[in-house]
Structures are given as C-alpha cells and as structure tokens.
Amino acid sequence: MHKDKENTWADWYKIITIGEKALLIAIAFLTAYAVVLEITVILTERSIKLTDLLLLFIYAEVLDMIAAFYKF
56 MHKDKENTWA
66 DWYKIITIGE
76 KALLIAIAFL
86 TAYAVVLEIT
96 VILTERSIKL
106 TDLLLLFIYA
116 EVLDMIAAFY
126 KF
C-alpha cells in the first residue's frame, strides 16, 4: 500500500512538473509576441513613451525569470 501511494505522488509530481514547464513555455512565446507587437506600435507611431520602455523592461524581466527557472 505504501508503494502505491509513493507512485501516485510521483505521478502527480510528473504531471504538475510537465504542466508547469508547458505553461512557462507558453508564457515565453506570448511574451516574445507581445514584445514584437510593442515594437511594431513604437515604429508605427514613430515615438517612444516612458510607458513603452517600462513595458519592454517588464517583458525582459519575465523572459529573464523564465530563463533563470530553466538554468537549474
């Protein structure tokens, strides 16, 4: 009985880990897409506002956090 419980926990751990990694990959792709959209807006308007720079910085931080997660 004890082995079955360990296997169940191991299965759940694998499922959660796979889900977490899939979600992080989706977030990375969507963040990269948002960066492209933001740069397109900047180029279209031919002006850069402080909010644009701050948003790009936040996107860079999100990508950095994802990269830090995958380093371990």
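62 is the number that the numbering used here gives to position 7 of the sequence shown; each next residue is one higher, with no gaps.
Heads up, the beta-carbon is just placed ideally off N, CA and C, and yes, glycines get one too.
Asked	Found
Would you mind reading off the limits of the alpha helix (DSSP H) that contains Ile121?	105–126
Taking Cβ to Cβ, would you say Leu86 is nearer than 8 Å to Leu110?	Before going on, a small fix: residue 86 reads as Thr here, not Leu. No, the pair does not count as a contact, with Cβ atoms beyond the cut-off.
Short of 6 Å in beta carbon distance, which residues of its chain neighbour Thr63, apart from the five on each side in sequence? Order them along the chain.	none
What's the gap between the Cα of Ile70 and the Cα of Tyr114?	28 Å
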